[in-house]
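Colleague: For the sequence shown, the working numbering gives the first residue as -1, with consecutive numbering after it.
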Amino acid sequence: MGDSVFSFGENRVGGDQYNQNGTTNIGKIESHQSVAIRELNDFLAWAEEQGLVLPGGLVTDENRLRATVRSHPGRLRRVAAAVAGGSKDALMKASPGIATTLILQALGAA
-1 MGDSVFSFGE NRVGGDQYNQ NGTTNIGKIE SHQSVAIREL NDFLAWAEEQ
49 GLVLPGGLVT DENRLRATVR SHPGRLRRVA AAVAGGSKDA LMKASPGIAT
99 TLILQALGAA
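(1) State the start and end residues of the unbroken alpha helix (DSSP H) segment that holds residue 31.
(2) Quick check: the segment 69 to 86 against the segment 27 to 46, are at least 3 beta-carbon pairs closer than 8 Å?
(3) Identify the continuous alpha helix (DSSP H) that holds residue 87 and give its terminal residues.
(4) What are the boundary residues of the alpha helix (DSSP H) that includes residue 99?
(5) Taking residue 56 as the reference, which of 42, 67, 31 has the closest Cα?
(6) Rounded to whole angstroms, what is the Cα-Cα separation between residue 58 and residue 71?
(7) Which two residues bound the contiguous alpha helix (DSSP H) that contains residue 63?
(8) Give the single residue among 99, 100, 86, 98 whose Cα lies nearest to the Cα of residue 30.
Okay, structure coming up:
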């Protein structure tokens, strides 16, 4: 049985492959910045569950939060890439608070 191929405008989906064409933003994959913001928010939610962060972004133990960020580099890989790409301000705007500031500092953002 062969793979089916579906076309949506200029985009084609078939098997395990997804190809996008064209210059419009319709149907485009999420931007790297949006993914980084979601990853940061997910980490903040996890840090709150762990007791590192209080609701509203207040930090219970700054040193422990920094150490946790450094010991879980894979959890914030896209955030680190976004910061390196110049999106630090966008991340701060999307998730304001001292917790975000400390996380970005621990990732090497000044």
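Backbone N, C-alpha and C fix where the C-beta goes; we use that ideal spot for every residue, glycine too.
Everything numeric in this text was worked out from a predicted model, so none of it was measured.
Modeller: Taking the structure as given:
(1) 30 to 47
(2) yes
(3) 86 to 92
(4) 96 to 104
(5) 42
(6) 21 Å
(7) 60 to 69
(8) 86
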